[in-house]
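Trainee:
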Amino acid sequence: MFYSEKSLQRLPLPDAEVYYSPHFFDVEESNTYLQELLQTINWKQESIKLFGKLQPMPRLTAWYGDKGYTYSGLHNTPQPWLPVLQRLKEQVEEASEQAYNSVLLNLYRSGNDSMGWHADDEAELGQDPNIASVSLGGERKFGFRHKSNKAQKNIYITLQHGSLLLMQGPTQHAWQHNLPKTQRAVMPRINLTFRNIKG
1 MFYSEKSLQR
11 LPLPDAEVYY
21 SPHFFDVEES
31 NTYLQELLQT
41 INWKQESIKL
51 FGKLQPMPRL
61 TAWYGDKGYT
71 YSGLHNTPQP
81 WLPVLQRLKE
91 QVEEASEQAY
101 NSVLLNLYRS
111 GNDSMGWHAD
121 DEAELGQDPN
131 IASVSLGGER
141 KFGFRHKSNK
151 AQKNIYITLQ
161 HGSLLLMQGP
171 TQHAWQHNLP
181 KTQRAVMPRI
191 NLTFRNIKG
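Heads up, the sequence shown is in full-length UniProt numbering, so the first residue is 1 and it goes up one at a time.
(1) Which first and last residues belong to the beta strand (DSSP E) in which THR40 is found?
(2) Less than 8 Å separating the beta-carbons of ARG59 and ASP120?
(3) Can you check which of these residues, LEU107, ALA132, HIS75 and TYR69, is closest to residue 209 by C-alpha distance?
(4) I need the straight-line Cα distance from SER7 to SER148, nearest angstrom please.
(5) Between the Cα of PHE144 and the Cα atoms of HIS173, SER163, ASN76 and GLU122, which residue gives the shortest distance?
(6) According to DSSP, simplified to helix, strand and coil, what is PRO56?
(7) Per DSSP, what kind of secondary structure is SER148 in: helix, strand or coil?
(8) Within 10 angstroms of the Cβ of PRO129, are there 16 or more other Cβ atoms? Answer buried if so, exposed if not.
(9) With DSSP run on the structure shown, which of helix, strand or coil describes VAL186?
(10) Helix, strand or coil for LYS198? Go by DSSP, reduced to three states.
(11) With DSSP collapsed to three states, give me the class of LYS6.
(12) Could you name the residues of the same chain whose beta carbon sits closer than 6 Å to that of ARG10, not counting the 5 residues immediately before and after it, in chain order?
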């Protein structure tokens, strides 16, 4: 079973509300979810325009839920909820005390797959977005970079198999986050970011 909300520890980021539980799901449940998602999700290799040229994104993605969503110039038409995603959503909603109507899934196939610096601050997410991020599979480093305070050092944590990260309040206004490439051998990783799309 998953851990209670009391296991979520607030991280020491100024101008932010970030909470982390490294073992939100136990190993058996995490393994089960990972295999089910690898087999049932309709993964796609999307492309985005960089410097005037279309480039394949360095990861596979999928969008499920009740609402469409546009980021990096890509409009995502939602696919209907799958039972496995509904189960995950309900558990995350209970722990975070937030409601979510959509989820973005990323599949990082190896250490060469990555996510650049960005903030989830699109208008569709509202004034102070609540993002609930579940990690399954290979452990990866996850970075935070303050947008305006250059004296603030970047902060990195390791997102573990079965972990839950909550980014709330002013976090997306003050900070960017990324998932850098790594040279070391790493197992595939699935990340699910639950969100509430407005409108």
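Beta carbons: idealized from backbone N, C-alpha and C, even for Gly.
Just so it is clear, the structure is predicted and the values come from calculations on it, not from any experiment.
Mentor: So, from the data block:
(1) Numbered from 1 along the sequence shown, position 40 holds the residue referred to as residue 40. That residue, THR40, is in no beta strand (DSSP E); its alpha helix (DSSP H) goes 27-40.
(2) As a working note, residue 59 is residue 59 in the sequence shown. As a working note, residue 120 is residue 120 in the sequence shown. Not closer than 8 Å, so no.
(3) No answer is possible for residue 209: the residues shown for the chain start at 1 and end at 199.
(4) In the sequence shown, residue 7 corresponds to position 7, counting from 1. In the sequence shown, residue 148 corresponds to position 148, counting from 1. Cα to Cα, SER7 sits roughly 31 Å from SER148.
(5) As a working note, residue 144 is residue 144 in the sequence shown. Ranking HIS173, SER163, ASN76 and GLU122 by Cα distance to PHE144 puts HIS173 first.
(6) The residue labelled residue 56 in the question sits at position 56 within the sequence shown. Three-state result, PRO56: strand.
(7) Position 148 of the sequence shown, counted from the start, is the residue given in the question as residue 148. Of the three classes helix, strand and coil, the one that applies to SER148 here is coil, per DSSP.
(8) Taking the sequence shown and counting its residues from 1, the one referred to as residue 129 is at position 129. Buried, by the Cβ-count rule.
(9) Taking the first residue of the sequence shown as 1, we reach residue 186 at position 186. Coil, per DSSP.
(10) Within the sequence shown, numbered from 1, the residue matching residue 198 stands at position 198. In this structure, LYS198 counts as coil in the three-state DSSP scheme.
(11) For this step, residue 6 is matched to residue 6 along the sequence shown. Legend: pLDDT at LYS6 = 47, less than 50; position of this residue unreliable, no value from coordinates given.
(12) Along the sequence shown, one-based indexing puts residue 10 at 10. Excluding residues within five positions, the ones whose Cβ falls inside 6 Å are TYR19.
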